[in-house]
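Notes follow once the structure below has been shown.
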Amino acid sequence: MRLLEQARSAEQPSLVYTQARELLGQAIAQRPEQPELRLALANVSMAELAFTMPADAQATALRARAADQYRAVLEVEPTNFRALAGLADVHMVAHTPTDDGQAVELFERALEVQPGDSMVELRLGEALHRLERYQPAEVHLLGSVAACEAAGDGPGVVNAKNLLGRMYMDQGRMDEAERILEESVAGLEQLGDKTSYYGCPYQALGSLYHQSGRVEESVAAMKRVAELEPHSIDSQLLAARACREAGDAACAELYEGRAQALRQR
Numbered sequence: 016m017r018l019l020e021q022a023r024s025a026e027q028p029s030l031v032y033t034q035a036r037e038l039l040g041q042a043i044a045q046r047p048e049q050p051e052l053r054l055a056l057a058n059v060s061m062a063e064l065a066f067t068m069p070a071d072a073q074a075t076a077l078r079a080r081a082a083d084q085y086r087a088v089l090e091v092e093p094t095n096f097r098a099l100a101g102l103a104d105v106h107m108v109a110h111t112p113t114d115d116g117q118a119v120e121l122f123e124r125a126l127e128v129q130p131g132d133s134m135v136e137l138r139l140g141e142a143l144h145r146l147e148r149y150q151p152a153e154v155h156l157l158g159s160v161a162a163c164e165a166a167g168d169g170p171g172v173v174n175a176k177n178l179l180g181r182m183y184m185d186q187g188r189m190d191e192a193e194r195i196l197e198e199s200v201a202g203l204e205q206l207g208d209k210t211s212y213y214g215c216p217y218q219a220l221g222s223l224y225h226q227s228g229r230v231e232e233s234v235a236a237m238k239r240v241a242e243l244e245p246h247s248i249d250s251q252l253l254a255a256r257a258c259r260e261a262g263d264a265a266c267a268e269l270y271e272g273r274a275q276a277l278r279q280r
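Take the sequence shown: its letters are residues 16 to 280, numbered as in our numbering.
What follows is the structure, encoded as structure tokens:
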């Protein structure tokens, strides 16, 4: 997280990662038996993915680098929890049915090593949701909610309920989806200045309101997405589209202007 924050504030984020990679490479050459160094190197590549387009060659190379390091750790320590979860995350980023299936297997192995881990429960639930294996996905997402609530992890609760609500929508369980998404946004509002670090359940809730013909509520939700994510072009465009569909041209032009300004930075 510190590396990601440093890169976000840097004029040339790629230099931060290049320097970290060089230092870790030197350390690994001196101490190749240390798995923590390889895990750190893999994490650098995963963090750098945040600044790349998912389908471009650089992203593919970064995923391959991370996977190589996680696998190198697993060759020596087959039950290394962080390597199992990290390699699963590499497959989640690739986001193909085959990769999602491999992610499920790796997350399940990670839970055997460290049962009840809230983040792995969440990620496993997400992978199962992608594969439309809804029943086990619900079990793991509810497990993540429970674990985060027990630990007092507010952001974790928000994330897990957000994913759970989205899955309920995909299943057509709209009443349950609305309830859990409204709980998620309530939790999000309680996080204060931490909100920018986590996914925004207002987007799913706004979509749900739109589908049920509740135009004003949908517009309000999408405007809140834009407020919480002021540097996201997509979030500004979501608000613009909601305003335009509601017949409010002035509102739509406002958010479209914000999106255009972000493109020109």
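Built from N, CA and C at the ideal position, the CB exists for glycine as well.
Just tell me which of the options has its CA closest to the CA of residue i.
i	options	result
Cys-266	Ala-276, Ala-255, Ala-274, Gly-140	Ala-255
Val-240	Thr-94, Gly-272, Glu-204	Glu-204
Leu-146	Asp-114, Ala-276, Met-134, Val-154	Asp-114
Gly-171	Met-184, Asp-185, Leu-156, Ala-62	Leu-156
Ser-60	Arg-80, Arg-46, Pro-50	Arg-80
His-246	Gly-228, Gln-279, Val-230, Arg-229	Gln-279
Glu-63	Gly-202, Val-108, Tyr-224, Glu-136	Val-108
Glu-194	Asn-177, Gly-207, Leu-206	The question names Glu, but residue 194 in the sequence shown is Arg. Nearest of Asn-177, Gly-207, Leu-206 to Arg-194, Cα basis: Asn-177.
Leu-220	Ile-248, Leu-206, Gly-207, Asp-185	Asp-185
Ser-227	Arg-181, Asp-249, Met-189, Arg-97	Met-189
Gly-116	Tyr-85, Met-134, Val-88, Ala-152	Ala-152
Ala-274	Gln-41, Lys-238, Glu-51, Gly-101	Lys-238
On the three-state DSSP scale, how would you describe residue i?
i	result
Ser-211	Bear in mind that a pLDDT of 47 at Ser-211, under 50, signals an unreliable position, so the model cannot answer this.
Gly-131	coil
Asn-95	coil
Leu-146	coil
Pro-151	helix
Pro-245	coil
His-106	helix
Thr-75	helix
Thr-111	coil
Ala-125	helix
Arg-80	helix
Arg-229	coil
Arg-46	coil
Ala-261	coil
Glu-26	At Glu-26 the pLDDT is 47, less than 50, meaning the model places this residue with poor confidence; the figure from the coordinates comes in the next sentence. It is coil, neither helix nor strand.
At what residues does the alpha helix (DSSP H) containing residue i begin and finish?
i	result
Pro-2	With the chain covering 16 to 280 only, the question about residue 2 has no answer from this structure.
Gly-221	216-226
Leu-54	50-63
Gly-272	264-278
Arg-194	189-205
Do residue j and residue i count as a contact pair if the criterion is CB distance below 9 Å?
i	j	result
Val-128	Asn-95	yes
Leu-126	Glu-136	yes
Leu-56	Gln-84	yes
Ala-100	Ser-133	no
Ala-142	Ala-103	yes
Glu-232	Gln-251	no
Verify the contact flag: residue i, CB atom, against every heavy atom of the ligand ATP, threshold strictly below 8 Å.
i	result
Arg-145	Annotation note on the ligand ATP: not contained in the displayed structure, which lists no ligands.
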